[in-house]
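The block underneath contains the structure these notes are about, expressed in structure tokens.
There are 2 protein chains.
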Amino acid sequence: MTVTIKDIARKAGVSRTTVSRVLNDSGYVKDETRQRVLKVIKELNYTPSAIARSLSTNKSNTIGVIVPEINNPFFGEIIKGVGQVADEHNLNIILCNTDDDREKELKALKILKEQRIRGIIITPTYAEDQFNSEYLSTLENLGIPVVLLDGHVKYSNFSGIFIDHVKGAYDATKALIKAGHKKIAIINGRKNYKITVDRFKGYKKALNENNIFVEDKYVFYGDFEYESAYKITKHILKMNDRPTAVFVTSNMMILGSIKAFYEENINIPRDMAIIGFDKIDALNIIGMNISFVNGPTIEMGKVGMKMLIDNLDNKKSKEEIKRITLFPKLVLKGSEKFINNKCE
Amino acid sequence: MTVTIKDIARKAGVSRTTVSRVLNDSGYVKDETRQRVLKVIKELNYTPSAIARSLSTNKSNTIGVIVPEINNPFFGEIIKGVGQVADEHNLNIILCNTDDDREKELKALKILKEQRIRGIIITPTYAEDQFNSEYLSTLENLGIPVVLLDGHVKYSNFSGIFIDHVKGAYDATKALIKAGHKKIAIINGRKNYKITVDRFKGYKKALNENNIFVEDKYVFYGDFEYESAYKITKHILKMNDRPTAVFVTSNMMILGSIKAFYEENINIPRDMAIIGFDKIDALNIIGMNISFVNGPTIEMGKVGMKMLIDNLDNKKSKEEIKRITLFPKLVLKGSEKFINNKCE
DNA sequence: GTGAAAGCGCTAACAA
DNA sequence: TTGTTAGCGCTTTCAC
Numbered sequence: 001m002t003v004t005i006k007d008i009a010r011k012a013g014v015s016r017t018t019v020s021r022v023l024n025d026s027g028y029v030k031d032e033t034r035q036r037v038l039k040v041i042k043e044l045n046y047t048p049s050a051i052a053r054s055l056s057t058n059k060s061n062t063i064g065v066i067v068p069e070i071n072n073p074f075f076g077e078i079i080k081g082v083g084q085v086a087d088e089h090n091l092n093i094i095l096c097n098t099d100d101d102r103e104k105e106l107k108a109l110k111i112l113k114e115q116r117i118r119g120i121i122i123t124p125t126y127a128e129d130q131f132n133s134e135y136l137s138t139l140e141n142l143g144i145p146v147v148l149l150d151g152h153v154k155y156s157n158f159s160g161i162f163i164d165h166v167k168g169a170y171d172a173t174k175a176l177i178k179a180g181h182k183k184i185a186i187i188n189g190r191k192n193y194k195i196t197v198d199r200f201k202g203y204k205k206a207l208n209e210n211n212i213f214v215e216d217k218y219v220f221y222g223d224f225e226y227e228s229a230y231k232i233t234k235h236i237l238k239m240n241d242r243p244t245a246v247f248v249t250s251n252m253m254i255l256g257s258i259k260a261f262y263e264e265n266i267n268i269p270r271d272m273a274i275i276g277f278d279k280i281d282a283l284n285i286i287g288m289n290i291s292f293v294n295g296p297t298i299e300m301g302k303v304g305m306k307m308l309i310d311n312l313d314n315k316k317s318k319e320e321i322k323r324i325t326l327f328p329k330l331v332l333k334g335s336e337k338f339i340n341n342k343c344e
Numbered sequence: 001m002t003v004t005i006k007d008i009a010r011k012a013g014v015s016r017t018t019v020s021r022v023l024n025d026s027g028y029v030k031d032e033t034r035q036r037v038l039k040v041i042k043e044l045n046y047t048p049s050a051i052a053r054s055l056s057t058n059k060s061n062t063i064g065v066i067v068p069e070i071n072n073p074f075f076g077e078i079i080k081g082v083g084q085v086a087d088e089h090n091l092n093i094i095l096c097n098t099d100d101d102r103e104k105e106l107k108a109l110k111i112l113k114e115q116r117i118r119g120i121i122i123t124p125t126y127a128e129d130q131f132n133s134e135y136l137s138t139l140e141n142l143g144i145p146v147v148l149l150d151g152h153v154k155y156s157n158f159s160g161i162f163i164d165h166v167k168g169a170y171d172a173t174k175a176l177i178k179a180g181h182k183k184i185a186i187i188n189g190r191k192n193y194k195i196t197v198d199r200f201k202g203y204k205k206a207l208n209e210n211n212i213f214v215e216d217k218y219v220f221y222g223d224f225e226y227e228s229a230y231k232i233t234k235h236i237l238k239m240n241d242r243p244t245a246v247f248v249t250s251n252m253m254i255l256g257s258i259k260a261f262y263e264e265n266i267n268i269p270r271d272m273a274i275i276g277f278d279k280i281d282a283l284n285i286i287g288m289n290i291s292f293v294n295g296p297t298i299e300m301g302k303v304g305m306k307m308l309i310d311n312l313d314n315k316k317s318k319e320e321i322k323r324i325t326l327f328p329k330l331v332l333k334g335s336e337k338f339i340n341n342k343c344e
């Protein structure tokens with residue numbers, strides 16, 4: 001049915017080995033022979049079988065990418081970055097979308113192992129702190145390089161790219177202070193999560209450096225989803241000594257906050273300043289000018305893939321565990337400004 | 001290094017054939033033998049090689065998915081749908097993101113062919129009308145089932161899932177009319193594009209049915225990007241006999257329109273009614289309540305993948321070309337209302 | 001019920 | 001510079 005190396009060999013009057021040589025640019029082949037072979041390849045529209053090659057070399061050129069939510073542009077951008085680098089290295093990607101489902105995660109690992117992938121890139125969900133042990137041990141037993149993207153350092157057995165959430169929160173808080181705010185609330189993610197703790201650290205550091213006390217009444221915890229921030233914001237607006245600024249630590253949560261502001265006719269930043277974490281393209285396009293801390297998603301994908309490639313070749317010491325920290329960038333759009341004085 | 005079927009066979013004291021039988025539940029195996037084999041498989045943590053199997057059976061369990069823009073949630077949702085169905089059928093996905101780049105498209109096809117994929121799902125970009133012939137012929141020469149998602153019927157050689165854009169535009173326009181509008185502008189996509197033409201048809205049909213004339217001055221063409229709609233909207237707002245409602249035919253473009261409304265202090269829907277095409281989650285979450293025609297993205301992915309699977313087994317007549325039309329759903333949020341009378 | 005042997009399409013020593 | 005041969009890990013007749 002399909003054209004094989006044998007067909008090429010026969011028609012070109014050479015051995016399969018020779019065809020293989022021109023295919024892989026390996027070994028010596030007389031130029032004349034090479035041309036003849038190439039011509040036949042063209043004529044017969046032959047494409048070598050990556051499957052047969054993988055089996056023969058015992059080495060695939062496929063890597064696995066596991067994401068919890070492919071329809072979230074955050075992960076889409078990561079994949080975009082991963083894909084770009086993979087492309088350059090002629091690696092291809094088997095994508096597994098887990099919908100944050102434990103079983104699917106496990107199944108994905110099994111499928112990827114069957115495919116004898118070279119390495120694996122995982123972007124853990126926010127629920128990362130609940131990585132189950134079966135998943136982890138399966139991952140380790142795979143015996144192939146793993147790179148965690150924006151994961152948790154606690155999984156110290158894996159290489160990974162990390163975002164400096166402390167710095168991100170610090171920058172955001174500092175910008176609010178610089179704009180004149182002293183009463184700054186934080187709507188943070190789920191308590192105990194690493195990123196939540198880190199972001200609080202940054203918030204606290206900025207306040208302390210400016211001799212502002214961290215007031216418990218201004219510290220809130222949501223669950224990363226917009227409803228939680230919506231409720232918290234509603235509550236904030238009813239406070240007696242209400243803050244003049246809010247730092248909201250996820251892109252979904254900031255939507256909830258804005259909704260609440262809308263409903264209560266709070267103008268940003270006239271009545272309330274705000275800075276978010278991770279961008280929401282739509283808001284900026286329509287001109288809402290919400291400032292935010294921008295996690296470098298595409299870059300994270302790229303850097304992560306590069307690291308994986310390094311580890312792929314790194315057959316030496318078992319595989320050294322590498323870590324790279326990326327810094328989020330504060331993007332100021334005006335929503336952090338201090339315009340209102342009446343709450344002072 | 002890795003455990004193979006041979007290791008299992010040896011340790012279980014049977015032949016490789018028998019191991020293969022229990023692996024695939026094929027042929028007769030004494031239950032006692034089966035148990036013994038299974039036990040060894042567990043012990044050795046054996047996972048069969050999909051690569052070897054594919055080579056042997058001359059049949060992979062991989063399909064290719066090509067998208068132009070993985071970071072756009074529109075495509076992310078499609079992939080999600082595709083993935084769900086693929087999962088159920090133990091098919092896995094090699095993802096190719098082309099960034100709308102001709103060369104990458106071609107390269108993707110080459111890679112997929114090398115991988116001996118069973119079938120392919122393509123979501124053409126808006127630039128679909130410029131599908132180049134090299135791409136198309138390569139696609140046909142692959143000799144495997146292809147399913148186009150939201151593509152162009154003009155590529156009549158392929159099966160596909162289509163969205164009824166006429167109906168979508170018709171419903172939207174009709175809703176505006178029902179809300180009392182008579183002067184309804186349309187900000188459409190690139191002229192000559194199939195979807196643009198279809199949407200205009202729907203718009204026109206709704207107007208005609210209600211004895212409203214299509215006024216050329218209310219018909220605009222952008223390029224699907226938000227800047228174009230922004231400019232057009234600015235223009236609309238300066239018109240003498242300005243419309244009371246606007247139907248904007250892409251999710252990016254509606255952001256541009258809203259930006260323009262914002263800047264000119266136009267309240268929706270008090271001063272201007274609006275309906276978009278394809279959802280923008282963020283806007284609805286923050287409570288802007290923009291009505292829109294919702295393309296069934298996830299469903300499109302699911303239905304498309306199901307169709308591909310059908311075609312996979314369909315070894316009979318070459319492969320019949322199938323078409324399924326999906327209907328977008330109008331989601332009314334209030335922005336289509338008719339509140340302003342002063343323009344009447 | 002089970003096994004021997006051939007073969008899928010390719011690569012990689014080793015010879016020539 | 002080219003070819004022979006064996007083998008990658010699995011499935012699949014066919015025979016026992």
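Each protein sequence line maps, in turn, to chains A and B.
According to the UniProt record's numbering, the first sequence is numbered sequentially starting from 1.
According to the UniProt record's numbering, the second sequence is numbered sequentially starting from 1.
Positions of the beta carbon are idealized from the N, C-alpha and C atoms, including for glycine.
Residue range of the unbroken alpha helix (DSSP H) whose run includes residue i
i               : result
N72 of chain B  : Note, N72 of chain B: premise wrong, no alpha helix (DSSP H); not H, not E.
G168 of chain A : H165 to K178
F200 of chain B : K194 to E209
T138 of chain A : S133 to N141
V284 of chain A : Per the sequence presented here, residue 284 of chain A reads as Asn, with Val not at that position. Start and end: D281 to I285.
I122 of chain B : Unbroken run through I122 of chain B is the beta strand (DSSP E), G119 to I122; no alpha helix (DSSP H).
E320 of chain A : Neither: E320 of chain A is in no alpha helix (DSSP H) and is coded neither H nor E.
K306 of chain B : T297 to D313
G334 of chain A : No alpha helix (DSSP H) contains G334 of chain A, which DSSP labels as neither H nor E.
Exposure of residue i, with buried meaning 16 or more beta-carbon neighbours within 10 Å
i               : result
K167 of chain B : buried
K316 of chain A : Any reading at K316 of chain A must be qualified, since the residue scores a pLDDT of 46, below 50, and its modelled position is unreliable; the value itself is stated next. Answer is exposed; the Cβ neighbour count stays below 16.
M239 of chain A : exposed
D87 of chain A  : buried
T196 of chain B : buried
F327 of chain A : exposed
Y28 of chain A  : exposed
F162 of chain A : buried
T17 of chain A  : exposed
K110 of chain B : exposed
I321 of chain B : exposed
T325 of chain A : exposed
Q115 of chain B : buried
Reference residue i; option with closest CA among the options
i                      : options                           : result
residue 345 of chain A : A:N211, A:F261 and A:I117         : Lying outside 1 to 344, the shown extent of chain A, residue 345 of chain A is not represented and no answer is given.
I93 of chain B         : A:T62, A:L106 and A:L330          : A:T62
S137 of chain B        : B:E105, B:S250 and B:R116         : B:E105
G276 of chain A        : A:V246, A:N97 and A:V303          : A:V246
L283 of chain A        : B:T47, B:S257, B:L176 and B:N58   : B:S257
T244 of chain A        : A:N208, A:F292, A:I280 and A:I177 : A:I177
M252 of chain A        : A:G180, A:A229 and A:F162         : A:A229
K183 of chain A        : A:G13, A:E336 and A:D25           : A:E336
I268 of chain A        : A:N289, A:I280 and A:T249         : A:N289
G295 of chain B        : B:F74, B:L148, B:M305 and B:T57   : B:F74
K39 of chain B         : B:N58, B:D7 and B:A52             : B:D7
residue 352 of chain B : B:N188, B:D241 and B:L112         : Any question about residue 352 of chain B goes unanswered here, given that chain B covers just 1 to 344.
According to DSSP, residues forming a beta bridge with residue i
i               : result
A12 of chain A  : None, per the DSSP bridge assignment.
V246 of chain B : B:A185 and B:I274
Y221 of chain B : B:N188
S159 of chain B : B:V147
I63 of chain A  : A:I93 and A:G119
Where the beta strand (DSSP E) containing residue i begins and where it ends
i                      : result
S54 of chain A         : Where S54 of chain A is concerned, there is no enclosing beta strand (DSSP E), although the alpha helix (DSSP H) it sits in stretches over A50 to T57.
residue 382 of chain B : One cannot answer for residue 382 of chain B here, as it falls past the ends of chain B, which runs 1 to 344.
T325 of chain A        : R323 to L326
F292 of chain B        : S291 to N294
N92 of chain A         : N92 to N97
Check: residue i C-beta below 7 Å from any heavy atom of the ligand MG
i               : result
R190 of chain B : Absence of the ligand MG from the depicted structure is noted, as is the absence of any ligand whatsoever, leaving it without description.
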